[in-house]
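**Student:** Sharing a structure with you now.
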DNA sequence: GTGGTTGCAAAGACTTTGCATTGTT
DNA sequence: AACAATGCAAAGTCTTTGCAACCAC
């Protein structure tokens, strides 16, 4: 079966919190993993709905919160709402978004991570997390005029 | 009079767009500048309301959009909503937020700016803007346990 | 006077919550 | 059997919009 690792992580989390491993939660997780990119709850809900018609929006919202909590999904707030996206082990990724077409790239850069840690330290903070969004014009859109 | 520079910027912008310089807009700008920190529209509205009771929430929303557009305010989206905050000439600033107490520090760091430009370029993007939020525990909260 | 601006209330978009029912353990 | 989870709809938030009255230019 697909997504063994992720399901194991989810199961472990579910058990550790004395929650129940419902069909719906597994389906949300599966669709989320298949899509494998940044999406809004609404987009995710539509895709799930088309495959499993009687799943509620509320369940999608509730499940995505769990996925974030157990580290299987990241959460990014953009101008037009929240996006969920896959998170992989140990590599925090940042975002590069095209302001013209909305294209979404991910960045993994150790230098930035280190620089951030240093800056936080200078200000007396212990860094827990960060979120970096770069807005620009992607190569495709540069050609278009 | 206070805030000469900012008012001049705002006026110029207003004129360039054929808008009108209403009392309300000036009041919103003034209170925003007096507060001089990151706040939600709601907080700003309450402070304005206490000074000028018959100003509407919609006007505050509308004016803050203008202030962002003319570069007098920055806009940051946090988990619990949008925050507006002062922007100063030519120095883009990033944010450092304490996850315990909500303390809000600003960071200005040229290295980060340069690194970001380079990364965007590597991916074929022309960088237009960026938003960096670091989440950590501030020095005060570290002491508290 | 023209046409942008306002306050208000209504509408919208997104998200959460209450509750009776259903499902997991 | 106990109690968490679900779907639905209702309720909450935050933000935008429509509109008649109003005001800057």
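Chains as they are written, first to last, in my numbering: chain W, 38 to 182; chain B, 38 to 182. Quick reminder that beta carbons are idealized off the backbone N, C-alpha and C, glycines included. Given the structure is predicted, the values throughout are model-derived calculations rather than measurements.
(1) Which class does residue 47(B) belong to by DSSP, given the choice of helix, strand or coil?
(2) Express the C-alpha separation of residue 124(B) and residue 160(B) in angstroms, rounding to a whole number.
(3) Going by beta-carbon coordinates alone, are residue 120(B) and residue 167(B) separated by less than 7 Å?
(4) Less than 7 Å between CB atoms is the rule here; does residue 201(W) satisfy it with respect to chain B?
(5) In its own chain, which residues sit with a C-beta less than 8 Å from the C-beta of residue 173(B), not counting the 5 before and 5 after it?
(6) Could you give the distance in angstroms between the alpha-carbon of residue 171(B) and the alpha-carbon of residue 106(W)?
(7) If we ignore side chains and look at the alpha-carbon of each, how far apart do residue 54(W) and residue 98(W) end up?
(8) If you follow the alpha helix (DSSP H) that residue 68(B) is in, where does it begin and where does it stop?
(9) When you compare each of 78(W), 102(W) and 150(W) to residue 51(W) by their alpha carbons, which one comes out closest?
(10) Just grab the DSSP bridge partners of residue 98(B) for me.
(11) Within 7 Å of any Cβ in chain W, is that where the Cβ of residue 171(B) sits?
(12) Step through the CB atoms of chain W and report whether any lies within less than 7 Å of the CB of residue 143(B).
(13) If you follow the alpha helix (DSSP H) that residue 107(W) is part of, which residue opens it and which one closes it?
(14) Within 7 Å (strictly less), CB to CB, does residue 150(B) reach chain W?
(15) For residue 95(B), decide whether its Cβ has a neighbour in chain W, counting only Cβ atoms nearer than 7 Å.
(16) Output, in chain order, the set of chain W residues within a Cβ distance shorter than 7 Å of residue 136(B).
(17) Residues in the same chain with beta-carbon distance under 7 Å from residue 85(W), minus the five sequence neighbours each way, listed in chain order, please.
(18) Would you please verify whether the beta carbon of residue 155(W) is less than 7 Å from any beta carbon of chain B?
(19) If the criterion is Cβ atoms closer than 7 Å, does the pair residue 40(W) and residue 70(W) meet it?
(20) With a CB to CB cut of under 6 Å and the five nearest residues on each side skipped, what residues in its chain are close to residue 27(B)?
**Tutor:** Reading off the structure:
(1) helix
(2) 28 Å
(3) no
(4) Residue 201(W) is absent from the model: chain W starts at 38 and stops at 182.
(5) 133, 134, 135 and 136
(6) 19 Å
(7) 18 Å
(8) 60-72
(9) 102(W)
(10) According to DSSP, residue 98(B) bridges with nothing at all.
(11) yes
(12) no
(13) From DSSP, residue 107(W) is part of no alpha helix (DSSP H); its letter is neither H nor E.
(14) no
(15) no
(16) 165
(17) 64, 65, 68, 92 and 97
(18) no
(19) yes
(20) In the structure displayed, chain B extends from 38 to 182; residue 27(B) sits before or after that span and is not available.
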